[in-house]
Amino acid sequence: MKKIADVVTSSEGEVFDVELEVDILKENQRLADENKRRLNSKGVHAIDVMGSVGSGKTSLIKAMVSRLKKNARIAVIEGDVTTTIDSDLIAEEGVPTVQVNTGKECHLDANLIKKALDRMSLDTLDLIFIENVGNLICPSEFPLGSEKRLVVISVTEGPYMVVKHPMMFLGAQVVAINKVELAPAMGVDPRKLADDVAKLNPNAVTIYTSCREGTGIDDVIRSLGAGAK
Amino acid sequence: MHEYSIATSIVEAVLDLAKRQNSSRVVEVKMSIGKLRVLSVDQLRFSYEILSKGTILEGSRLTVQETSGWVRCPRCGYANKIETDDESFHFGIPSMICPTCGTNLSIEGGDECVITKVRMLIPTAPKQGSVD
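So the sequences go chain by chain: E and X. At position 35 of the first sequence (counting the first as 1) the number is 34 in numbering that gives the first Met the number 0, and the numbers step up by one without a gap. At position 12 of the second sequence (counting the first as 1) the number is 11 in numbering that gives the first Met the number 0, and the numbers step up by one without a gap.
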């Protein structure tokens with residue numbers, strides 16, 4: 000006898016189809032919208048910084064904080080599976096940091112950001128950088144409530160980072176192609192990466208950066224609108 | 000591997016629904032997932048199977064209908080399925096430039112992740128009205 004027939008004839012009741020529409024990602028979106036409203040009401044700009052492990056997200060944030068901290072009150076939320084290495088690095092700049100350890104999750108979500116915001120005094124801030132967990136796939140599925148999304152990739156990751164992770168670039172306003180000083184050694188053409196971004200998302204601004212040599216940082220700041228306040 | 004956290008939300012939502020319908024057993028959960036979602040259906044099903052163990056969802060089937068990505072041009076009104084560069088890729092690379100006028104296209108569909116139907120054992124006819 001088929002399993003389904005067992006169920007239908009069971010004395011516990013009958014099998015019915017219940018039609019509904021439960022949006023599984025709605026709860027995260029709702030919390031993200033809530034975070035956005037909260038940040039807007041306090042006049043705080045928030046930038047979600049995403050990219051793969053080792054692309055230079057922390058270095059780029061550190062370089063931007065170093066340039067901006069004289070004129071803006073900045074805090075940084077650091078997302079990682081574990082450790083406080085990144086927030087310790089950013090703390091060298093003398094700005095407040097909140098480390099969010101996701102434990103096992105491969106991305107930050109709006110609820111974690113809500114909790115992080117609870118621990119920050121938003122009245123005393125102009126700008127928050129949120130460094131997502133190093134990952135080019137999952138974070139794109141979980142909006143946080145930030146105003147802008149910056150994706151950081153580097154030439155050391157090879158020539159296919161953009162085409163292999165298209166969804167990550169669709170929602171980005173700014174894309175930094177980092178470690179360009181290493182492009183010749185890597186045999187990777189940064190212009191090809193920029194072309195791939197332009198094809199996917201013509202509205203995104205792509206900038207070549209080198210955190211080690213300090214190039215392109217000001218352009219990223221300008222493109223994010225992070226400098227003006 | 001965010002499929003696990005998505006599967007957790009699915010199981011929670013279905014358990015909640017089953018409770019409200021006084022269901023003692025869930026047979027099948029149907030979902031509609033857009034191709035623009037970066038979700039692996041196999042991994043989702045695997046996580047669902049693990050998470051449903053020991054609940055009234057154990058042994059139930061997770062059926063996923065994949066929907067295509069749709070785009071619209073805000074300038075000239077061009078609307079179509081997302082065209083991809085190379086269909087040989089497992090996941091085609093969407094081009095977000097309008098082929099007619101060159102404007103950036105906006106996504107109209109294919110990014111959903113929705114439970115559409117749950118087949119379950121219920122003592123009486125389902126309370127459709129109580130479902131949100």
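Using N, Cα and C, we set each Cβ at its ideal position, and we do this for glycine too.
Around X/GLU2, the same chain offers LEU38, SER39, GLN42, LEU43, SER46 as residues with beta carbons nearer than 7 Å, after the five sequence neighbours per side are excluded. Contact check between the region 163-182 of chain E and the region 61-73 of chain E: fewer than three CB pairs, one atom from each, fall below 8 Å, which does not count as touching. When E/SER51, E/GLY55, E/THR101, E/ALA31 are compared, the shortest CA-CA separation from E/VAL179 is found for E/GLY55. Between E/LEU192 and E/VAL48, the CB-CB gap reaches or exceeds 8 Å. Residues of the region 49-65 of chain E that bring their beta carbon within less than 8 Å of a beta carbon in chain X are absent altogether. In the DSSP assignment, E/ARG36 falls within the unbroken alpha helix (DSSP H) covering 25-40. By the criterion of a C-beta distance shorter than 6 Å, E/THR205 is surrounded in its chain by VAL174, ALA193, VAL196, once the five residues flanking it on both sides are discounted.
At a cut-off of 8 Å between beta-carbon atoms, X/THR54 makes no contact with chain E.
For X/ILE49, the enclosing alpha helix (DSSP H) stretches over residues 40-51.
Think of a sphere of 7 Å around the beta carbon of X/SER4: the chain E residues whose beta carbon falls inside it are GLU104, in chain order. Any Cβ of chain E closer than 8 Å to the Cβ of X/LYS116 would place that residue at the interface, and such an atom is present. Distance from the CA of X/ILE55 to the CA of X/ASP15, rounded to the nearest whole angstrom, comes to 11 Å. Interface criterion met: the Cβ of E/GLU140 is under 8 Å from a Cβ in chain X. Taking the Cα positions, E/SER58 is about 11 Å away from E/THR208.
Proximity of chain X to E/GLU13 at the Cβ level (cut-off 9 Å) is accounted for by LEU120, ILE121, PRO122, THR123, ALA124, in chain order. Rounded to whole angstroms, X/THR115 and X/LYS18 show a C-alpha spacing of 17 Å. Of the other Cβ atoms in all chains shown, fewer than 16 fall within 10 Å of the Cβ of E/ILE84; this residue is therefore exposed. Residues of chain E whose Cβ lies closer than 9 Å to the Cβ of X/CYS75 do not exist; the shortest such Cβ separation is about 15 Å.
Put simply, of X/SER22, X/CYS100, X/GLU27, X/GLU11 the residue whose alpha carbon is nearest the alpha carbon of E/ASP22 is X/GLU11. Here E/SER153 has SER54, GLY55, ASN177, LYS178 as same chain residues with Cβ atoms under 6 Å from its own Cβ, once five neighbours each way along the sequence are excluded. Taking C-beta separations shorter than 8 Å and ignoring five residues to either side along the sequence, the partners of E/ILE216 in its chain run LEU59, ALA62, MET63, ARG66, THR208, CYS210, following chain order. Under the three-state reduction of DSSP output, E/ARG66 falls in the helix class. Runs of beta strand (DSSP E) with 3 or more residues, each lying fully within the region 169-208 of chain E, are found at 173-177, 204-207, listed in chain order. Looking at the DSSP output, E/LEU149 shares a beta bridge with E/VAL48, E/VAL173. The contact set of X/GLN20 on chain E, defined by CB atoms closer than 7 Å, consists of VAL17 in chain order.
The closest CA to that of E/VAL99, considering only E/ASP117, E/GLY93, E/PRO165, is found on E/ASP117.
With respect to E/ALA90, E/LEU143 sits apart: the two C-beta atoms are not nearer than 8 Å. Of E/GLY133, E/ALA115, E/PHE141, the smallest CA-CA separation from E/SER51 is found for E/GLY133.
Beyond the five residues adjoining it in sequence on each side, E/LYS103 comes within less than 8 Å, by CB distance, of VAL80 in the same chain, given in chain order. Short of 8 Å from the beta carbon of E/GLY93, and not among the five residues preceding or following it, lie these beta carbons of its own chain, in chain order: LYS68. Per DSSP, the continuous beta strand (DSSP E) segment holding X/ALA78 begins and ends at 78-80.
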